[in-house]
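Structure record follows, encoded as structure tokens.
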Amino acid sequence: MSGISTTFTTEPTIFELSSSGRTGATFPKSDVPACDLPNDNLLRDDLPLPELAEVDVVRHYMALSRYNYSVDSGFYPLGSCTMKYNPKINEDTCRLPGFLFTHPLQPIETVQGNLLLMYQMQEWLREISGFAAVTLQPAAGAQGEFTGVLMMRAYHKARGDQKRIKMLIPDAAHGTNPASAGMLGMTVKVIPSDARGNVDLEVLKAECDETVVGMMLTNPNTLGLFDEHIEQVVKLVRDCGGLMYGDGANLNALLGIIRPGDVGFDVMHFNLHKTFAVPHGGGGPGSGPVGVSERLVDFLPAPLVGILEEPDEDMPALYGFVTPKQSIGRMKAFHGHFGGGLVRTYTYIAMHGPDGLKDIAQYAVLNANYLAALLRDTYKIPFDRICMHEFVMEGRVEGTDVRALDISKRLMDYKFHPPTNYFPLIVREALMIEPTETENKDTLDSFAAALIKIAAEARENPELVKTAPHTTLFGRMDEVKAARELVLCCWLPEGYEDE
Amino acid sequence: MTYIPISPKERDAMLEKVGVQSLDALFEAVPAKHRFPKLNLPAALTEMEAASLLDEIALSNENVRADLVSFLGAGMYHHYIPSVVDHVLRRGEFYTAYTPYQPEISQGTLQGIFEYQSLMTALTGMEVSNASHYDGATAAAEAVNLAFANFRGKRRKVLVSASVHPQYREVIRTYTQGMDLTVSGDGADADLQASPEALTPLIDQDTAVVLVQYPDFFGRVFDYTKLIETAHAQGALVCVIANPTALALFKTPGAMDADIVVGEGQPLGLPMWFGGPSLGFFTTRKAYVHKMAGRLVGETVDSRGQRAYVLTLTAREQHIKREKATSNICSNQGLLALASAVYLSTVGQTGFKQVANLCYQKAHYAAAELSKIEGVGLCFGQPFFHEFAVCLPKPVAEVNARLLEHGILGGYDLGQDYPSLKDHLLVAVTEMNTKDEIDLFVELLREVLS
Amino acid sequence: MSNTPSSLKYAKSDEWFDPATGKVGISDYAQAQLSDIVFMEITVSVGDQVEAGGQIASVESVKAASEVSAPVSGKIVAINEDLASGPEAINGEPYQSWFVQIEGGDGADMLDAAGYEKHCEERAH
């Protein structure tokens, strides 16, 4: 076997694989009389794209795919991300030609299937959340949030209430909450958590005045805890004229358990890619519909899907687009993440029905509590009470300097994806664990066993943990080099080096 | 049907370990009067039933592959997608992974994005690309955010050409409604026949950014070099909203000295999917990289000295900067960025030029044939790519309705957005349209108008 | 323990101020907290009038971002233009890496070295 290297070699870039003259696709010859291109100074000189045959492309991407960990390969307990199993049927339904090959500006008579699906989705999400109306337009959770905050602003403005500039946000909140409020120039007031992980009611009371736009609350919060005073929190905010924003990131814990609209929330975004099993796609696309209470219905983004003509004996209903009276405008071109987001979610809800949705929440909560019970004696769980779909523990081992980051990296050696690290900010060395309902008891048992074993390793052989991972194809990264040298592209534009 | 892999026996053992009697007992923190609402939803379907329900819904649409011949574009285009693209996307390793926060086990996604960034800079002639935005319209709005942040809010005027996609202009207005700036340049009085230099007198020291489209909404190809030079003389930035297929043939906005180039990536191997999800690409100069929103992948080495990739400059983003962040974006169109990279790698420079050339040839043939019809004329005289406006002697809605009876989507009614272009039809032609289809379209239109 | 020259004054928000020259930078403690600095940007111009506490710069490291405030009120008379192209100098030599020079303040109400060290120690707990 001499001469054959068996060490791992990283995959070249697509540009390095290029060889002049290869091609992966050919197109038919033109069947129309030839026509000259416009004059040269409107044309480009070169087109520096790679040249590969189809088999080169396939092998390249297969090689890259093997570098990824994914839900299909194993347990992925990333807190607040709801990395549940993505049913395969959804991949087929969203690719039906009737969906793939419809243009967003086709006459509505030719896309009644799409519009019916969107209308029913609005209705189903409304029913699940207890809101008065739902827009499907926002492209992702963060955009849904921005949509919500824009509507809150528009609501106060329409009432001539100009002095409201303060957004109340708990210290455990996702970064997107303050960023969304910041995009509209609002002042963010951080509300601390109390000893049981609830919103501190005393501080909240003191902040509730006539300058409050509203409150952005994630419930269950990022500690995985359901706020025990939720009704008082909502009342305080509403009594001072504020609106309640619900961050729907953690809706997986609430399906069939409670409807945010029933408790008095005014607006909430859904993350279809979390709660309703739309795959995360390595970072997107997501889909972030928004539900609102009566107070905000007129401010929804345009357009919504409505019934233009009621059905009668001969004709089904005619669905089409409608524009709310005081709409904040359009959030993106066309109608939202229809194919990737809505068709998959529609399939998922249709297959679950009301009881199936409740099962999702119940088993997601059972799995989180079961894992917490297995780990409680080894790792400290602050705010330790019955949690919802996730819990946060401290990634520390007493008497060692092993950190949450080290434990996370070591988990990779045991073939698990690490939990979310260092979030929420209010827990030291936080490890936020969300198992979801689609994991079995054996997986949870082995994951807990691995974490318990790592705690022992941290005491006996801390270096082993601090230099992990050891068995993955890649080791820890030099992030300082990446940020300082800033190589963001694998080819250099002409004359670039001279600069 | 659910996907829960826990047997009743296992469930009971787990409940015992947790120390509660039943699943319902886990929810005592939830206010009793709102607990366990009855959801009025249809009963659960099996996979077999769901598949047939979705089949039925999809079949009740008329699609442009089987049922209709389309000349409709206006921001989304029917192009051929090589089979290999979806085969790659169907790998669970790609589509069921999360954002690559753990680079040791996410190099597939990271290298994929790095290559996507490289391909986008190659296409636009720019220096850096982020990992993508939601779509072309939101990418354009993010360009305004970049410019506003670049001047620290001191320049408060945004100029947008009237020949930028109407929905993009709406989105820019939605995004900026809470910001202390004005958006202008696209009023009803804007001269649509004029060259881009018409915006020149409006550019001043208070202008943060000028946005133009390339080819513009009417399909016209302008060289923006002079306009950009003027804007730069006033210290303003210029954002060019580009169609990526056109960039296979035409001078890059980078070569015109644009500061930001964004656009809709759907033509790069993505289905139209009734409007989304699609892909907003965003490229700029290295000087603005810290002001650019969105994810960014950079090259580095790992602890074993291997070349590898990581998310970089993350301190710009919302999870660290919180209310001080330029944007709240925390995703990218990961899988679709991957799709566009697979598409561009597969068609390569030869195939991509071929696609663009076919679009150009067929559109020009269609334009020539259509303008032979009595009463039909090309609306603009400038060079165009694969889309063009024609004036009709009858209302577009009426004409389109008649064409639809014959299975033809005639194009976009420009009068909806531009009162001065009443009875004007925007026609798009791509490599998917055969000569026979174009001839049929011309013949039917002649019939409808006679 | 971090380095805290006694000739300088310090703000609770971790800026140092040199009463002799009017130069402003961030302390050794602050650079260590931020870790590897990869970007810095001065957000004021020469001639600007600044209020104590107003933002003059922002700094980003691999993991964190921070605003730098004016420790005294006064007029910006100089800006260290070289710092932006080599922000890692702030990690290496925090007290040589001045950001701006402010004229008009004496820093009388700022902490001295001993007071600032105590302030840093308190935060460590």
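Chains as they are written, first to last, in our numbering: chain A, 1 to 499; chain B, 1 to 450; chain C, 1 to 125. Note that beta-carbon positions come from the ideal geometry of N, C-alpha and C, so glycine has one too.
Q. Taking a cut of 9 Å between CB atoms, which residues from the segment 35-55 of chain C lie near chain B?
A. Shown in chain order are the members of the segment 35-55 of chain C whose Cβ falls below 9 Å from a Cβ of chain B: V38, F39, E41, T43.
Q: Classify A/M152 as helix, strand or coil using the three-state DSSP reduction.
A: Helix, per DSSP.
Q.
I want to verify the contact list: residues of chain A whose CB lies under 8 Å from the CB of B/L41, in sequence order.
A. Going along chain A in sequence order, the residues near B/L41 (Cβ under 8 Å) are W124, E127, I128, I349, G353, P354, L357.
Q.
Measuring CB atoms only, is the segment 393-401 of chain A touching the segment 56-66 of chain B, in the sense that at least three cross pairs come out at less than 8 Å?
A. Taking 8 Å as the limit for Cβ pairs, the verdict is that the segment 56-66 of chain B does not touch the segment 393-401 of chain A.
Q.
Tell me which residue opens and which closes the alpha helix (DSSP H) that B/I228 is part of.
A. Where B/I228 is concerned, the enclosing alpha helix (DSSP H) stretches over 225-233.
**Q.** For A/Q362, the three-state DSSP class (helix, strand or coil)
**A.** DSSP places A/Q362 in helix when its eight states are reduced to three.
Q.
Cutting at 8 Å between CB atoms, please list the residues of its own chain near B/K362, excluding the five before and the five after it.
A. So the list reads H386, V429, T430, E431, N433, K435, I438, once near-sequence residues are dropped.
Q. Within 10 angstroms of its Cβ, does A/R330 collect 16 or more other Cβ (buried), or is it exposed?
A. Buried, since its Cβ has 16 or more Cβ neighbours within 10 Å.
Q.
Using C-beta distances below 7 Å, list every residue in its chain close to A/A249, excluding the 5 sequence neighbours before and after it, in chain order.
A. Hits under 7 Å: S80, G141, H174, T218, N271, K274.
Q.
Between B/S195 and chain E, is any beta-carbon pair separated by less than 8 Å?
A. Among the protein chains in the structure shown, which are A, B and C, there is no chain E.
Q: Name, please, each residue of chain A whose Cβ falls closer than 8 Å to the Cβ of C/E88.
A: For a Cβ distance threshold of 8 Å, residue set R484 of chain A lies close to C/E88, ordered along the chain.
Q. In its own chain, which residues sit with a C-beta less than 6 Å from the C-beta of A/G144, not counting the 5 before and 5 after it?
A. Excluding positions up to five away in sequence, the list reads P138, H269, G288, V290.
Q) Between B/A389 and B/F380, is the Cβ-Cβ spacing less than 8 Å? A) The answer is yes: Cβ separation under 8 Å.
(Q) Against chain A, which members of the segment 288-301 of chain B pass a CB distance test of less than 9 Å? (A) Answer set for the segment 288-301 of chain B: V289, R295, L296, V297, G298, E299, T300, V301.
Q | Within chain B, the residues that C/E60 reaches when beta carbons sit closer than 8 Å | A | H290, L313, A315, R316, listed in chain order.
Q: May I ask you to verify whether the segment 88-100 of chain B touches the segment 116-123 of chain A, counting CB pairs closer than 8 Å and requiring at least 3?
A: Verdict: no, contact absent.
(Q) Need the endpoints of the beta strand (DSSP E) that C/M40 sits in, please. (A) Taken as a continuous stretch (DSSP letters only), the beta strand (DSSP E) holding C/M40 covers 37-42.
Q) Span of the beta strand (DSSP E) holding B/C391? A) It spans 387-391 - the beta strand (DSSP E) in which B/C391 sits, taken as one unbroken run.
Q: Mind checking which residues open and close the alpha helix (DSSP H) that includes A/L451?
A: 441-460 is the span of the alpha helix (DSSP H), which, as asked, contains A/L451.
Q: With a floor of 3 residues, list each beta strand (DSSP E) that falls wholly inside the segment 173-209 of chain A, ordered by position along the chain.
A: With a minimum length of 3 residues, the continuous beta strand (DSSP E) runs that stay inside the segment 173-209 of chain A are 187-191.
Q. If you check the beta carbons only, do B/V355 and B/V342 fall under 8 Å apart?
A. Taking 8 Å as the cut-off, the Cβ atoms of B/V355 and B/V342 do not count as close.
Q: Determine the chain C residues that contact A/E479 at a beta-carbon separation under 7 Å, and present them in chain order.
A: Residues of chain C passing the Cβ test: V62.
Q. Just how far apart, CA to CA, sit A/A373 and B/K17?
A. Rounded to the nearest angstrom, the two C-alpha atoms are 7 Å apart.
Q. Helix, strand or coil: which one does DSSP assign to A/D406?
A. For A/D406, the secondary structure class from DSSP, reduced to helix, strand or coil, is helix.
Q | Helix, strand or coil at A/E497 [DSSP, three-state] | A | With a pLDDT of only 43 at A/E497, under 50, the local geometry of the prediction cannot be trusted, and the value read off the model is given with reservation. If DSSP states are grouped into helix, strand and coil, A/E497 belongs with coil.
Q: Spell out whether any CB of chain B is found under 8 Å from the CB atom of A/L105.
A: For A/L105, the nearest CB of chain B lies under 8 Å from its own CB, placing it at the interface with that chain.
(Q) Using C-beta distances below 7 Å, list every residue in its chain close to A/L405, excluding the 5 sequence neighbours before and after it, in chain order. (A) Result list for A/L405: N421, in chain order.
Q | A/G291 - DSSP class collapsed to helix/strand/coil | A | Looking at A/G291 - three-state DSSP - the assignment turns out to be strand.
**Q.** Backbone CA spacing between B/N150 and A/M315 [nearest angstrom]
**A.** Inter-residue distance for B/N150 and A/M315 is about 56 Å (C-alpha atoms, whole angstroms).
Q) By Cβ distance below 6 Å, which residues in the same chain neighbour B/Q117 in space, the five residues on each side in sequence not counted? A) Exclusion of the five residues before and after B/Q117 leaves S129 as the residues of its chain whose Cβ lies within less than 6 Å of its Cβ.
Q.
Just to confirm the assignment, what range does the beta strand (DSSP E) spanning B/F281 have?
A. 280-284 is the span of the beta strand (DSSP E), which, as asked, contains B/F281.
Q: Could you tell me if B/Q213 is buried or exposed, where buried requires 16 or more neighbouring beta carbons within 10 angstroms of its beta carbon?
A: The residue is buried, with at least 16 neighbouring Cβ atoms inside 10 Å.
Q) Got a sec: does the ligand FMN put a non-hydrogen atom nearer than 7 Å to the Cβ of B/K286? A) The ligand content of the structure shown is nil, which means the ligand FMN is not present either.
Q: Compare the beta carbon distance of B/D476 and B/L279 with 8 Å and say whether it is the shorter of the two.
A: There is no way to answer for residue 476 of chain B, as the model of chain B reaches only from 1 to 450.
Q.
Taking 8 Å as the threshold (C-beta atoms), are B/D423 and B/L392 in contact?
A. Contact: yes.
Q | C-alpha gap between A/L115 and B/S52, whole angstroms | A | Their backbone Cα atoms lie some 18 Å apart in a straight line.
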